[in-house]
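Going line by line, the protein sequences match chains A, B and C. The opening residue of the first sequence carries number 296 in the numbering used here; numbering runs sequentially from there. The opening residue of the second sequence carries number 296 in the numbering used here; numbering runs sequentially from there. The opening residue of the third sequence carries number 296 in the numbering used here; numbering runs sequentially from there. The C-beta atom is built at its ideal place from N, Cα and C for all residues, glycine as well.
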Amino acid sequence: MSARGPAGAGPAAIQLSRIMRPDDANIAGNVHGGTILKMIEEAGAIISTRHCNSQSGEHCVAALARVERTDFLSPMCIGEVAHVSAEITYTSKHSVEVQVNVLSENILTGAKRVTNWATLWYVPLSLKNVDKVLEVPPIQYAWKELEEDGKKRYEEQKLERLVTKQRNGDIIFPVFNPEPYTVGYSQSSLIHLVGPSDCTLHGFVHGGVTMKLMDEVAGIVAARHCKTNIVTASVDAINFHEKIKKGCVITISGRMTFTSNKSMEIEVFVDADPFVDEPKERYRAVSAFFTYVSLSKEGKPVPVPQLVIETEDEKRRFEDGKGRYLQTKAKRQVQMQPLTQQ
Amino acid sequence: MSARGPAGAGPAAIQLSRIMRPDDANIAGNVHGGTILKMIEEAGAIISTRHCNSQSGEHCVAALARVERTDFLSPMCIGEVAHVSAEITYTSKHSVEVQVNVLSENILTGAKRVTNWATLWYVPLSLKNVDKVLEVPPIQYAWKELEEDGKKRYEEQKLERLVTKQRNGDIIFPVFNPEPYTVGYSQSSLIHLVGPSDCTLHGFVHGGVTMKLMDEVAGIVAARHCKTNIVTASVDAINFHEKIKKGCVITISGRMTFTSNKSMEIEVFVDADPFVDEPKERYRAVSAFFTYVSLSKEGKPVPVPQLVIETEDEKRRFEDGKGRYLQTKAKRQVQMQPLTQQ
Amino acid sequence: MSARGPAGAGPAAIQLSRIMRPDDANIAGNVHGGTILKMIEEAGAIISTRHCNSQSGEHCVAALARVERTDFLSPMCIGEVAHVSAEITYTSKHSVEVQVNVLSENILTGAKRVTNWATLWYVPLSLKNVDKVLEVPPIQYAWKELEEDGKKRYEEQKLERLVTKQRNGDIIFPVFNPEPYTVGYSQSSLIHLVGPSDCTLHGFVHGGVTMKLMDEVAGIVAARHCKTNIVTASVDAINFHEKIKKGCVITISGRMTFTSNKSMEIEVFVDADPFVDEPKERYRAVSAFFTYVSLSKEGKPVPVPQLVIETEDEKRRFEDGKGRYLQTKAKRQVQMQPLTQQ
Chain A
296 MSARGPAGAG PAAIQLSRIM RPDDANIAGN VHGGTILKMI EEAGAIISTR
346 HCNSQSGEHC VAALARVERT DFLSPMCIGE VAHVSAEITY TSKHSVEVQV
396 NVLSENILTG AKRVTNWATL WYVPLSLKNV DKVLEVPPIQ YAWKELEEDG
446 KKRYEEQKLE RLVTKQRNGD IIFPVFNPEP YTVGYSQSSL IHLVGPSDCT
496 LHGFVHGGVT MKLMDEVAGI VAARHCKTNI VTASVDAINF HEKIKKGCVI
546 TISGRMTFTS NKSMEIEVFV DADPFVDEPK ERYRAVSAFF TYVSLSKEGK
596 PVPVPQLVIE TEDEKRRFED GKGRYLQTKA KRQVQMQPLT QQ
Chain B
296 MSARGPAGAG PAAIQLSRIM RPDDANIAGN VHGGTILKMI EEAGAIISTR
346 HCNSQSGEHC VAALARVERT DFLSPMCIGE VAHVSAEITY TSKHSVEVQV
396 NVLSENILTG AKRVTNWATL WYVPLSLKNV DKVLEVPPIQ YAWKELEEDG
446 KKRYEEQKLE RLVTKQRNGD IIFPVFNPEP YTVGYSQSSL IHLVGPSDCT
496 LHGFVHGGVT MKLMDEVAGI VAARHCKTNI VTASVDAINF HEKIKKGCVI
546 TISGRMTFTS NKSMEIEVFV DADPFVDEPK ERYRAVSAFF TYVSLSKEGK
596 PVPVPQLVIE TEDEKRRFED GKGRYLQTKA KRQVQMQPLT QQ
Chain C
296 MSARGPAGAG PAAIQLSRIM RPDDANIAGN VHGGTILKMI EEAGAIISTR
346 HCNSQSGEHC VAALARVERT DFLSPMCIGE VAHVSAEITY TSKHSVEVQV
396 NVLSENILTG AKRVTNWATL WYVPLSLKNV DKVLEVPPIQ YAWKELEEDG
446 KKRYEEQKLE RLVTKQRNGD IIFPVFNPEP YTVGYSQSSL IHLVGPSDCT
496 LHGFVHGGVT MKLMDEVAGI VAARHCKTNI VTASVDAINF HEKIKKGCVI
546 TISGRMTFTS NKSMEIEVFV DADPFVDEPK ERYRAVSAFF TYVSLSKEGK
596 PVPVPQLVIE TEDEKRRFED GKGRYLQTKA KRQVQMQPLT QQ
């Protein structure tokens, strides 16, 4: 038997596969969105780190800078095999775009479904000096149009990252004896002590670990609101502006911002507290919006209780959420057309 | 109690051994007290479940009812092997007393140290009807005195369990912009979604899983207060009055109640929210006091900042904590005498 | 981006990849042999379950029946990516042969090394009736010789499985105050309560989970004997005669049987105790021989202390171990020749 190389061969592709276990899922047997986000990020980190070290020079680790909005197209179940395939689709001078798809395979029936597509941006940080961003070796494109499209996506995300850097100051205040279905009723937070297995070779938290915890909080907020079986439907673009170091305590907080007839939007914040070895203050590391749906016992989406708005701030956030909801709905209708015409 | 080995075997003794891994420890390499408490409880659960099923009849799972106060005599490190030995030392009609000792072995140098003794009480619950407590087969005692001593311990703990059942109503309120070293400054809470691996065959949370989470919160409170390497020094008796079911969200909250010159006492509450499948209200499942010490880089205890008291309630709790501290100190001096004379 | 299929395409191949984390390794940073064995078995279980369900009919899960002897050619380290590739190489009426190779990739330097080859045998058990072995759909062979070679391997392993079924009765007795370097000095055992994530859809323990625990015990025995950094060098063929059910307590025991100049052979037994729900007695589920080497700080094999033999039984086992050692050495010299001529 000959030694076979990594899947799809070439330095520009990788595939991770794994059986989904009870610990990866909720009690209804649906795999947590966070489990899938973590696998997606691991695939992206491997392929972009491999690529950025493919030319001789200073060694580096690729750090997650941004994940584009991703939809969970259908739930994955315990016992199914998740196949996560990643390839590099664009490189700028200092960043790498990775596209990932996730396939769920029922090995008993042979049925396969695409459950996710995702696009991630990585930046190579020097192993010797974590604040130094190295240059990315350029990839080869099969067609000139692929490079031009990639450049467009690069410019767009760069702009959006600048914008979100401003609006990270919000804090979730505790509420006493909240009324059912208000924001305070379901808001939740958890804390996590960053351990060695959460971290890269640099000693900084993997983006996928952070996303998994964010999905966990969002899921608890959603379940507290509607008290049914809930699953992740989508995650808005997430920007990772600040790194989180090994030994930090991180607080992950979530609150509901918007409900449509059959979906809930939850805003999640991650704050890092580098309390042991540094004089640094607590800081906001990441924030994001998760959308959840509520499922019946047959796995069909069911209506969710409307969010009860109490303050001006909550009203503003609800309207913002509604804007995102309508925008996404419009975009999806446009994207669906070419698919149905194929 | 002498250090018992794996020998003796028979149905009335068991030993769990495991290498301590990076994720079991803090960044200074000291194994979390909670990791050890979880191993202790697993050993106790196995041996008492095995014993309670040793006579033909209805099958059952032993559920943790109480853990007596335990001291952490010396820290355990990554790479060491923890040996947890348990034996049944007393049985009443409906409960089992298990005594456990923990030995830490450095397999490179061969050095061994006793790190803990613990006493746990279990109750056999029917597998068919979780609310039915079954009868416990009696054990044989080598001497009549062993049975009499056991009966005394049984009566004492029974009394204490009745008392603590009353005082479980306290709630931890959030504080805005707290001053350094106040109670509000370090208080913390985390939430955990109970998954399948947290649970027994009944679908209820293992007592050890709960204790591990409690130690995690207490450790974060202690670290926030003194911003150094902290380790668990002892845990007061814990009573498990209410079971926690799979699928619950549990909130574990901790606040500092007392500081001596070199130790901190942290009160921890566990509240369960059975939000998915049941109409049951949120309830207090467990509460306990953890004592932590702060260590220098050489592993020696160092002074901790004094707790700043702001309210009457805090003052009362501080005095109560001082009472527990002085009582323990007195007891320890008594217990140490025979040891030093050996 | 189009939906790409599983690696290497075709139903007869799969690849699992994963970054090695601190918890996968010992304190010197070498990945445990057991971590690799577990990944190998997961790949084998996926590919053979998929194949056995590829024709319409009763659904089944492939259960591990046997792993052929495997060598660990070079150690893997934290931060490297393990690529585990599996393909089906032979099918009999009721069993599937899977060949697996493991590649270790340093994504910083691009260096790749083959670390393992392994051959596993699976048997399809009906999901409805776990005691019913189903028929395996035949695979297509590129050349007739491949089928004939496979048949030869099939006959050989079938014979060997019959033989080992007899010799499973040995027990490891505890020894008090053992002398250094005797068998009793390093013998060890650990206990594990089988949880849901350890199990297949049938509710039986994955073979890979058992092998990981066996490697853990063998590693503790080896480290106790020579008190240095030790790594798995090889595992002899393992036969899985008896299944282990969820909820069992398993005891994994290891004792040293033989030392050569630079290697140690450790015999490992797995006993299952279905203590809660069944009237079944404790039984021997698996046994195997692991070979370990001791490494210097530079990662070179160093001499190990000779095992001190005290009893006739130990002497017999030592001679048996010597026989296996010499046989393997002879085989390896034959196999190495074509490789060195390439």
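Going by the beta-carbon positions, is the gap between residue i and residue j smaller than 8 Å?
| i | j | result |
| --- | --- | --- |
| T505(C) | V356(C) | no |
| F553(A) | F613(A) | yes |
| I525(C) | Y587(C) | yes |
| V397(C) | T410(C) | yes |
| H497(C) | I545(C) | no |
| P432(A) | S351(A) | no |
| S343(C) | I373(C) | no |
| S312(A) | A358(A) | no |
| S555(C) | Y620(C) | yes |
| G503(A) | E336(A) | yes |
| K557(A) | V489(A) | no |
| I314(A) | A381(A) | no |
| P469(B) | P469(A) | yes |
| E353(A) | L429(A) | yes |
From the options, pick the residue whose C-alpha is nearest to that of residue i; which is it?
| i | options | result |
| --- | --- | --- |
| N534(C) | E576(C), T523(C), F584(C) and T552(C) | F584(C) |
| V565(A) | A518(A), K575(A), E593(A) and D465(A) | D465(A) |
| K626(C) | D366(C), T344(C) and E609(C) | D366(C) |
| V425(B) | V500(B), S481(B), V478(B) and L415(B) | V500(B) |
| D608(A) | E363(A), T477(A), V458(A) and L332(A) | T477(A) |
| P491(C) | I539(C), R313(C) and A406(C) | I539(C) |
| Q394(B) | V379(B), A406(B) and T527(B) | V379(B) |
| P475(C) | L457(C), A513(C), A518(C) and K507(C) | A518(C) |
| A567(A) | T527(A), Q601(A), H536(A) and V458(A) | H536(A) |
| A406(C) | E430(C), E375(C) and Y449(C) | E375(C) |
| A513(C) | Y449(C), S582(C), Q452(C) and E450(C) | S582(C) |
| R408(C) | V362(C), P370(C), L454(C) and S529(C) | P370(C) |
| I434(A) | E511(A), Y385(A), V418(A) and I515(A) | Y385(A) |
| E451(A) | P469(A), S483(A), L420(A) and W416(A) | W416(A) |
| K624(B) | K453(B), L485(B) and A528(B) | A528(B) |
| R611(C) | M551(C), L457(C) and P596(C) | M551(C) |
| L368(B) | D615(B), Q622(B), K595(B) and T606(B) | K595(B) |
To the nearest angstrom, how far is the alpha carbon of residue i from that of residue j?
| i | j | result |
| --- | --- | --- |
| K617(C) | V603(C) | 14 Å |
| G328(B) | D319(B) | 9 Å |
| G300(A) | H346(A) | For G300(A), the predicted model reports a pLDDT of 35, less than 50, meaning its position is unreliable; a value from the coordinates is still stated below. Using only the alpha carbons, I get a separation of about 16 Å. |
| Q637(B) | T523(B) | Here the model assigns Q637(B) a pLDDT of 39, short of 50, so the residue's position is not dependable and the matter cannot be decided. |
| A338(A) | L332(A) | 10 Å |
| P598(B) | L590(B) | 9 Å |
| R364(A) | A580(A) | 18 Å |
| L422(C) | C543(C) | 20 Å |
| Y578(B) | P569(B) | 9 Å |
| T330(A) | V530(C) | 32 Å |
| H520(B) | Q482(B) | 9 Å |
| F419(B) | R361(B) | What sits at residue 419(B) in the sequence shown is Pro, not Phe. Distance between the alpha carbons of P419(B) and R361(B) is about 13 Å. |
| T459(C) | I341(B) | 31 Å |
| V326(A) | N321(B) | 29 Å |
| Q601(C) | V629(C) | 28 Å |
| V563(C) | R456(C) | 17 Å |
If you measure from the CB of residue i, is any heavy atom of the ligand GTP nearer than 7 Å?
| i | result |
| --- | --- |
| P491(B) | With respect to the ligand GTP, the structure offers nothing, as it holds no ligand at all. |
*Give a yes or no on contact between the region 434-441 of chain C and the region 382-393 of chain A, applying the rule of three or more CB pairs nearer than 8 Å.*
no
*Pair every Cβ in the region 443-457 of chain A with every Cβ in the region 401-410 of chain A, then say whether three or more of these pairs are closer than 8 Å.*
no
*Uninterrupted alpha helix (DSSP H) stretches inside the region 498-523 of chain C (no shorter than 4 residues)*: Runs found: 502-521.
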